[in-house]
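Position one of the sequence shown corresponds to residue 31 (our numbering), numbered consecutively onward. Here a beta-carbon is modelled for each residue, glycine too, at the ideal position from N, C-alpha and C. This report concerns only the one structure given below.
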Amino acid sequence: MIIVEKADPLDAESHRLIEMLSSELAAITGDNGKSHFAIDAINGDNSLWVLARNTRGNAIGCGAIRPVTQHIAELKRMFSDRSEPGVGHALLRFLETSAREMGYSELWLETRLINHKAVRFYEKNGYVRIENYGPYIGRKEAVCFSKALH
C-alpha cells in the first residue's frame, strides 16, 4: 500500500528524492530539470508538495502542483524510485484530486520528448498534448500536456 501525503519540500527526504529525479533526468535527457524548478514555487499559496511512502514509512516518490493561472496548475517534479509498483499512479491521483479541491480545473505539465516512459505514462492517464507554454515555447525537445479535472 502506498500512502501519499502533504510534505515539506525543504526536508531531507524531499531533497533526496529531488536529487534522485534530477540525476535520472540528466541521464535520460542531458538536462537535470533544475532550471525550470524552484522550491519557492511549490512552497507557497495554492501550491502543494507531496511524498509517497511505502508501508514502512519510507519516502519512495514525490510530486507537486503550482499555480499557472487561477484555474490552471502545473504538475512538477513527479518521481518514483521504482522500489514498488503503483507509486506514479498514486501520486498522480492524489495531486489531481488535491488540485480539484484547491479550485483548479486543469493541470498542465512538461516533459521531454526523449523521455518516452513519462510521455506514455501521462498519455495513458488521460493527458493530451497541447502547444508548449511559458518557458517551453519554441523548445522542440519539450512536449506539454493538459488534463481537464472533472
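CB residue i to CB residue j, shorter than 7 Å?
{"i": "Leu137", "j": "Lys177", "result": "yes"}
{"i": "Ala37", "j": "Trp79", "result": "yes"}
{"i": "Ile32", "j": "Ala89", "result": "no"}
{"i": "Asn76", "j": "Pro97", "result": "yes"}
{"i": "Phe109", "j": "Leu47", "result": "yes"}
In whole angstroms, what separates the C-alpha of residue i from that of residue j?
{"i": "Leu122", "j": "Glu114", "result": "15 Å"}
{"i": "Cys92", "j": "His180", "result": "23 Å"}
{"i": "Ile58", "j": "Arg130", "result": "31 Å"}
{"i": "Ile144", "j": "Glu171", "result": "7 Å"}
{"i": "Ile167", "j": "Glu161", "result": "8 Å"}
{"i": "Ser44", "j": "Cys174", "result": "25 Å"}
{"i": "His146", "j": "Leu55", "result": "12 Å"}
{"i": "Ala103", "j": "Glu126", "result": "10 Å"}
{"i": "Ser52", "j": "Glu35", "result": "22 Å"}
{"i": "Glu49", "j": "Ala42", "result": "11 Å"}
{"i": "Tyr163", "j": "Ser128", "result": "23 Å"}
{"i": "Gly118", "j": "Arg150", "result": "12 Å"}
{"i": "Val158", "j": "Thr141", "result": "12 Å"}
{"i": "Gly156", "j": "Phe124", "result": "15 Å"}
{"i": "Arg112", "j": "Gly74", "result": "28 Å"}
{"i": "Leu139", "j": "Gly87", "result": "28 Å"}
Taking the alpha helix (DSSP H) that residue i belongs to, which residues open and close that run?
{"i": "Glu161", "result": "Note, Glu161: premise wrong, no alpha helix (DSSP H); not H, not E."}
{"i": "Arg112", "result": "Taken as a continuous stretch (DSSP letters only), Arg112 belongs to no alpha helix (DSSP H), as it is neither H nor E."}
{"i": "Ile32", "result": "Taken as a continuous stretch (DSSP letters only), Ile32 belongs to no alpha helix (DSSP H), as it is neither H nor E."}
{"i": "Ile170", "result": "Sequence inspection shows Lys at residue 170; the Ile mentioned does not correspond to that position. Run containing Lys170: none; DSSP gives neither H nor E here."}
{"i": "Val150", "result": "First, the residue type needs correcting, since residue 150 is Arg and not Val in the sequence shown. Note, Arg150: alpha helix (DSSP H), 146-154."}
What is the C-beta distance between residue i and residue j, in whole angstroms, given that I count them as a contact (C-beta under 8 Å)?
{"i": "His101", "j": "Tyr152", "result": "That pair is no contact at about 20 Å."}
Quick one: is residue i near chain B, going by C-beta distance under 7 Å?
{"i": "Glu43", "result": "No chain B is part of this structure, which consists of one protein chain only."}
Which residues mark the beginning and the end of the beta strand (DSSP E) in which residue i is found?
{"i": "Glu126", "result": "Not the beta strand (DSSP E): Glu126 falls in the alpha helix (DSSP H), residues 117-131."}
{"i": "Leu47", "result": "Looking at the DSSP string, Leu47 is not in any beta strand (DSSP E); the run it does join, the alpha helix (DSSP H), is 42-59."}
{"i": "Arg83", "result": "78-83"}
{"i": "Arg142", "result": "136-142"}
{"i": "Pro39", "result": "Run containing Pro39: none; DSSP gives neither H nor E here."}
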